[in-house]
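Peer 1: Structure incoming, see below.
There are 2 protein chains.
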Amino acid sequence: MGMRRGTNLPRMGDFNQSVILEAIRRSGEGLSRIELVEATGLSAQTITNITRRLLDEGLIAEAGRTINGPGKPRVTLRLVAESRFSVGVHLDPAVITFVLLNMTGEAVGRRVVRTQDRDPSAIVETMAKTIEILIDEAGIDRNLVAGVGVAAPGPLDAAKGTVIDPPKLDGWHRVPLRSVLAEATGFEVTLEKDTTAAAVGELWTGDATSEGSFLFVYLGTGLGAAAARDGGVVAGSTHNFGEIGHIMVDPEGPPCACGSRGCVEVVCTPQAIVEQAEAAGVFDDEPQGGGANEVDERFLRLCERASAGELPALGVLRRSAGHLAVLISVLTNVLDVDRVVLGGPFWGPLSDVYLREIPEPLHRRSATRAVRTLTVDGAVVGDDVGAVGAACVVLDAVLTPRASDLYLED
Amino acid sequence: MGMRRGTNLPRMGDFNQSVILEAIRRSGEGLSRIELVEATGLSAQTITNITRRLLDEGLIAEAGRTINGPGKPRVTLRLVAESRFSVGVHLDPAVITFVLLNMTGEAVGRRVVRTQDRDPSAIVETMAKTIEILIDEAGIDRNLVAGVGVAAPGPLDAAKGTVIDPPKLDGWHRVPLRSVLAEATGFEVTLEKDTTAAAVGELWTGDATSEGSFLFVYLGTGLGAAAARDGGVVAGSTHNFGEIGHIMVDPEGPPCACGSRGCVEVVCTPQAIVEQAEAAGVFDDEPQGGGANEVDERFLRLCERASAGELPALGVLRRSAGHLAVLISVLTNVLDVDRVVLGGPFWGPLSDVYLREIPEPLHRRSATRAVRTLTVDGAVVGDDVGAVGAACVVLDAVLTPRASDLYLED
Numbered sequence: 001m002g003m004r005r006g007t008n009l010p011r012m013g014d015f016n017q018s019v020i021l022e023a024i025r026r027s028g029e030g031l032s033r034i035e036l037v038e039a040t041g042l043s044a045q046t047i048t049n050i051t052r053r054l055l056d057e058g059l060i061a062e063a064g065r066t067i068n069g070p071g072k073p074r075v076t077l078r079l080v081a082e083s084r085f086s087v088g089v090h091l092d093p094a095v096i097t098f099v100l101l102n103m104t105g106e107a108v109g110r111r112v113v114r115t116q117d118r119d120p121s122a123i124v125e126t127m128a129k130t131i132e133i134l135i136d137e138a139g140i141d142r143n144l145v146a147g148v149g150v151a152a153p154g155p156l157d158a159a160k161g162t163v164i165d166p167p168k169l170d171g172w173h174r175v176p177l178r179s180v181l182a183e184a185t186g187f188e189v190t191l192e193k194d195t196t197a198a199a200v201g202e203l204w205t206g207d208a209t210s211e212g213s214f215l216f217v218y219l220g221t222g223l224g225a226a227a228a229r230d231g232g233v234v235a236g237s238t239h240n241f242g243e244i245g246h247i248m249v250d251p252e253g254p255p256c257a258c259g260s261r262g263c264v265e266v267v268c269t270p271q272a273i274v275e276q277a278e279a280a281g282v283f284d285d286e287p288q289g290g291g292a293n294e295v296d297e298r299f300l301r302l303c304e305r306a307s308a309g310e311l312p313a314l315g316v317l318r319r320s321a322g323h324l325a326v327l328i329s330v331l332t333n334v335l336d337v338d339r340v341v342l343g344g345p346f347w348g349p350l351s352d353v354y355l356r357e358i359p360e361p362l363h364r365r366s367a368t369r370a371v372r373t374l375t376v377d378g379a380v381v382g383d384d385v386g387a388v389g390a391a392c393v394v395l396d397a398v399l400t401p402r403a404s405d406l407y408l409e410d
Numbered sequence: 411m412g413m414r415r416g417t418n419l420p421r422m423g424d425f426n427q428s429v430i431l432e433a434i435r436r437s438g439e440g441l442s443r444i445e446l447v448e449a450t451g452l453s454a455q456t457i458t459n460i461t462r463r464l465l466d467e468g469l470i471a472e473a474g475r476t477i478n479g480p481g482k483p484r485v486t487l488r489l490v491a492e493s494r495f496s497v498g499v500h501l502d503p504a505v506i507t508f509v510l511l512n513m514t515g516e517a518v519g520r521r522v523v524r525t526q527d528r529d530p531s532a533i534v535e536t537m538a539k540t541i542e543i544l545i546d547e548a549g550i551d552r553n554l555v556a557g558v559g560v561a562a563p564g565p566l567d568a569a570k571g572t573v574i575d576p577p578k579l580d581g582w583h584r585v586p587l588r589s590v591l592a593e594a595t596g597f598e599v600t601l602e603k604d605t606t607a608a609a610v611g612e613l614w615t616g617d618a619t620s621e622g623s624f625l626f627v628y629l630g631t632g633l634g635a636a637a638a639r640d641g642g643v644v645a646g647s648t649h650n651f652g653e654i655g656h657i658m659v660d661p662e663g664p665p666c667a668c669g670s671r672g673c674v675e676v677v678c679t680p681q682a683i684v685e686q687a688e689a690a691g692v693f694d695d696e697p698q699g700g701g702a703n704e705v706d707e708r709f710l711r712l713c714e715r716a717s718a719g720e721l722p723a724l725g726v727l728r729r730s731a732g733h734l735a736v737l738i739s740v741l742t743n744v745l746d747v748d749r750v751v752l753g754g755p756f757w758g759p760l761s762d763v764y765l766r767e768i769p770e771p772l773h774r775r776s777a778t779r780a781v782r783t784l785t786v787d788g789a790v791v792g793d794d795v796g797a798v799g800a801a802c803v804v805l806d807a808v809l810t811p812r813a814s815d816l817y818l819e820d
């Protein structure tokens, strides 16, 4: 085991500063110094010293006074939303989504660009240009942008900042996305798995109900998982936590390239569900091919038909909810989390059927059904969860207290 | 998200004290104050103050002086092994194992008691008596025993300190083991899942090579998993991390009570492997029934025959290694850990075949094979890993620095 390092006063000060910033951010309406004492457990003197520093740096501002009986009025301290920004980029086989967030996590800019049939250098150029446009349109000072977060399909080589072999992006073998985008933009770039970024976004923008631990299941072109506990997302030792493509969910399912059958990758993806719908005769026309846009279009048609009450379509989605319940039970039984959150670009149209169909089989399969019932919710952040999450990864590094920041460096 | 609490000087002092104690413990030979400055990053003044307190409490002692050129000789500080003890108890369907560990994690006492056909209150009485005998035999002061750790099969109701429905222990429905054993012994009792305890034992007694994260797969009457990262074992939100019984590993496997087929519980347990051996004609005699001792005996015979090179026996173990490789790949792909450690009471006789057969299919199925090769090792602690681990859970609470200890209380 690596030796633990001690801590000292400057480290403690930085940590407490993050604790105070987080308390103010999460309060929404702002907090007085006395409320900060209650919320953080820190002494009044520490609160006074640290809030003075944060006021000097422009990260917080005094926002009104409240008079509560006799004595000095309380000054409310609020986060200055426009004091810092971050850019989030989500690289997906079909589209690249860009968002610009302010310090409160609010999107002050958004752009979507199609990615079909483009090589890596063209895509990086498009990214750099779009980021510039986003910042220009928002009319903000470039120096206030803390960095660019990129969410990409895993697995990643996080040490090198490369995307290894993203599905359906030909020519993307081991592209050193972090360094080339940093060079093209001049910003510091953070690369994270799309699923991990999405969970950071959920944790960051979620309200107080996100207390405790949760499993995030990301429904994109592929499926991925992430887990949050103790207020942070588990990235894994190589930032590749949550690769779930070859978990078996249907022993009667189709064979998989891995040698098994009925894996998530051949049963639960939008493409697999579209193929199940085709086999069940849901569509009137012939399959159009497996391109990302074709799959998207047919997948949405399937969901619309299910919503309209067409039984073959509904049957396909119900069976697919059953498969997802098996997957989720495997993950929650292993990870022992309190809640399940479902999100990602394909979540929206599935949400009605899945929220109705998943809880019962999940509870039946839960190893902890004797001690609790797992709740299943849709993500707070919508379709842009990958991009918003990537931007939150950057804000998170600025704002969230992390106990590991307390350790003295080697 | 729960609001983070700040930290302050007394908290920081306690944390740094644990950091110093851990550094001294892990050094084995002891460390001088100057070496402690290097190891922990703390100032010489802090090291002097904290080591004075530890000397006063008798937890460390001065153990010789080293003269290194001119200047003052360096005084080596060592852990006082006999300054504290802890008891570990492993409740298993076949046997209860008891160990008494000193502060260095060394066993200074051990006892094994058969558990067949006993009701909960008789077993608790046996436990309490055996713990007294263990302490008496070792001739140590009862007041130096920091507590009793109990490892039991999951799932547990950790909040209530109860074992819910341990396999093959009739009458053990929701037994409040923690409180009844505390009452019977007068000691503070900690209840932990056997698999989690085993991983704590591995982390605690393992050498420096256990740096980074690992997956621990526990091969007992049932199979369980645990994971360690950042120097600690992940317990899960209800202390039920690592329930893996219904992960599918063989789509052609036998049906399972859960409705699927080929789950770990019906494919990978010693009982399932013995049944596969029976079906393959490995044994000359008829099955004897499914009692824990009968399964143990036939399982050992299977392993002996495989070691002797008998092909039917070897074939059964090779196929079973393949199934375990599927399970391990599911877990390592989800958890993104650096290493795999296999242990538990059934590990020893399987180790030769499994260490030879598992790495190749595991690598082939690894989502991160492009960035690393997972290593597979046997546990450092042997058959007693559950009991040793349970005792380490108690020592761990005394000795291991935990960043969460820094937070101020609500």
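Just so you know, the protein sequences line up as chains A and B, in that order.
Residue numbering for the first sequence follows the numbering used here, beginning at 1 and increasing consecutively.
Residue numbering for the second sequence follows the numbering used here, beginning at 411 and increasing consecutively.
Don't be surprised by glycine CBs; every beta carbon is placed ideally from N, CA and C.
Does any residue of chain A bring its CB to less than 8 Å from the CB of Ser871 of chain B?
Peer 2: Any answer about residue 871 of chain B is impossible in this case: the structure gives chain B only from 411 up to 820.
Peer 1: Closer than 8 Å by C-beta to Gly725 of chain B: which residues in its own chain qualify, once you throw out the five before and the five after it? Chain order, please.
Peer 2: Taken in chain order, the residues that qualify are Ala690.
Peer 1: Are the CB atoms of Gly669 of chain B and Glu662 of chain B within a distance shorter than 8 Å?
Peer 2: No, they are not a contact pair.
Peer 1: Looking at the structure shown, is Thr238 of chain A part of a helix, part of a strand, or coil, going by DSSP?
Peer 2: coil
Peer 1: Strictly by DSSP, which residues pair up with Glu602 of chain B?
Peer 2: B:Ala561
Peer 1: What residues in the stretch 139 to 170 of chain A have a beta carbon less than 7 Å from any beta carbon of chain B?
Peer 2: Pro155, Asp157, Ile164
Peer 1: Could you spell out the range, first to last residue, of the alpha helix (DSSP H) harbouring His173 of chain A?
Peer 2: That residue, His173 of chain A, is in no alpha helix (DSSP H); it is neither H nor E in DSSP.
Peer 1: By Cβ distance, which residues of its chain are closer than 8 Å to Thr115 of chain A, with the 5 residues on each side in sequence left out?
Peer 2: Leu91, Asp92, Pro93, Ala94, Val95, Ile96, Ile123, Leu169, listed in sequence order.
Peer 1: Would you call the CB atoms of Phe85 of chain A and Ala387 of chain A closer than 8 Å?
Peer 2: Against a cut-off of 8 Å, the Cβ pair of Ala387 of chain A and Phe85 of chain A comes out as no contact.
Peer 1: Quick one: grab the DSSP three-state call for Ala735 of chain B.
Peer 2: helix
Peer 1: In this structure, does DSSP put Ala299 of chain A in helix, strand or coil?
Peer 2: Note that residue 299 of chain A is Phe in the sequence shown here, rather than Ala. If DSSP states are grouped into helix, strand and coil, Phe299 of chain A belongs with the helices.
Peer 1: Can you name the residues that DSSP bridges to Val659 of chain B?
Peer 2: According to DSSP, Val659 of chain B bridges with nothing at all.
Peer 1: Output, in sequence order along the chain, the residues in the stretch 211 to 228 of chain A whose CB is closer than 8 Å to any CB in chain B.
Peer 2: Glu211, Gly212, Ser213, Ala225
Peer 1: If Thr195 of chain A and His239 of chain A are in contact, beta carbons under 8 Å, what's the gap, nearest whole angstrom?
Peer 2: Thr195 of chain A to His239 of chain A, Cβ: 11 Å. No contact.
Peer 1: Can you give me the Cβ contacts of Gly412 of chain B inside the same chain, cut-off strictly under 6 Å, excluding the 5 residues immediately before and after it?
Peer 2: Bear in mind that the predicted position of Gly412 of chain B carries a pLDDT of just 47, short of 50, making it unreliable; the figure below should be weighed with that in mind. There are no such residues.
Peer 1: Please determine, among A:Gly206, A:Asp230, A:Met12, the residue with the shortest C-alpha to C-alpha distance to Arg26 of chain A.
Peer 2: A:Gly206
Peer 1: Tell me the residue span of the beta strand (DSSP E) that contains Asn512 of chain B.
Peer 2: Run containing Asn512 of chain B: 505 to 512, per the beta strand (DSSP E) assignment.
Peer 1: Hey, does Pro661 of chain B have any beta-carbon neighbour from chain A nearer than 8 Å?
Peer 2: yes
Peer 1: With a threshold of 8 Å between beta carbons, is Met127 of chain A in contact with chain B?
Peer 2: no
Peer 1: Compare the Cα-Cα distances from Val273 of chain A to each of A:Glu360, A:Arg319, A:Ala159 and report the closest residue.
Peer 2: Here the sequence assigns Ile to residue 273 of chain A, which means Val is not the residue at that position. Checking every option, the nearest Cα to that of Ile273 of chain A belongs to A:Arg319.
Peer 1: Opposite Leu487 of chain B in the DSSP bridges: which residues?
Peer 2: B:Leu441, B:Glu472
Peer 1: Quick check on Ile654 of chain B - is its C-beta less than 8 Å from some C-beta in chain A?
Peer 2: Chain A contact via Cβ: present.
Peer 1: Output the boundary residues of the alpha helix (DSSP H) element that contains Thr536 of chain B.
Peer 2: 530 to 548
Peer 1: Name the DSSP bridge partner or partners of His90 of chain A?
Peer 2: A:Thr97, A:Ala151
Peer 1: Which chain B residues are close to Cys258 of chain A, counting only those with a beta carbon under 7 Å from its beta carbon?
Peer 2: Arg775
Peer 1: How many angstroms separate the CA atom of Glu492 of chain B from the CA atom of Leu809 of chain B?
Peer 2: One C-alpha to the other measures close to 14 Å.
Peer 1: Suppose you measure from the CA of Ile553 of chain B to the CA of Ser428 of chain B; what does that come to, to the nearest Å?
Peer 2: A quick correction: the sequence has Asn, not Ile, at residue 553 of chain B. Answer to the nearest angstrom: the Cα atoms are 21 Å apart.
Peer 1: Which of the three DSSP states is assigned to Cys263 of chain A in this structure?
Peer 2: strand
Peer 1: Spell out whether any CB of chain A is found under 8 Å from the CB atom of Asp787 of chain B.
Peer 2: no
Peer 1: Is there contact between the stretch 737 to 748 of chain B and the stretch 760 to 776 of chain B, where contact requires at least three CB pairs shorter than 8 Å?
Peer 2: yes
Peer 1: Would you grab the beta carbon distance between Leu324 of chain A and Cys256 of chain A for me? Rounded to a whole angstrom, and I think it's under 8 Å.
Peer 2: No, Leu324 of chain A and Cys256 of chain A are not in contact; Cβ-Cβ is about 17 Å, not under 8 Å.
Peer 1: Terminal residues of the continuous beta strand (DSSP E) containing Gly799 of chain B?
Peer 2: Note, Gly799 of chain B: premise wrong, no beta strand (DSSP E); alpha helix (DSSP H) at 795 to 809.
Peer 1: Are the C-beta atoms of Ser237 of chain A and some chain B residue less than 8 Å apart?
Peer 2: By this cut-off, Ser237 of chain A is an interface position.
Peer 1: Asp466 of chain B: buried (16+ other C-beta within 10 angstroms of its C-beta) or exposed?
Peer 2: exposed
Peer 1: Using a Cβ-Cβ cut-off of 7 Å (strictly less than) and excluding sequence neighbours within five positions of Val692 of chain B, which residues of its own chain qualify?
Peer 2: Leu712, Arg715, Pro722, Ala723, Val726
Peer 1: Would you call the CB atoms of Gly652 of chain B and Val334 of chain A closer than 8 Å?
Peer 2: Yes, these two residues count as a Cβ contact at 8 Å.
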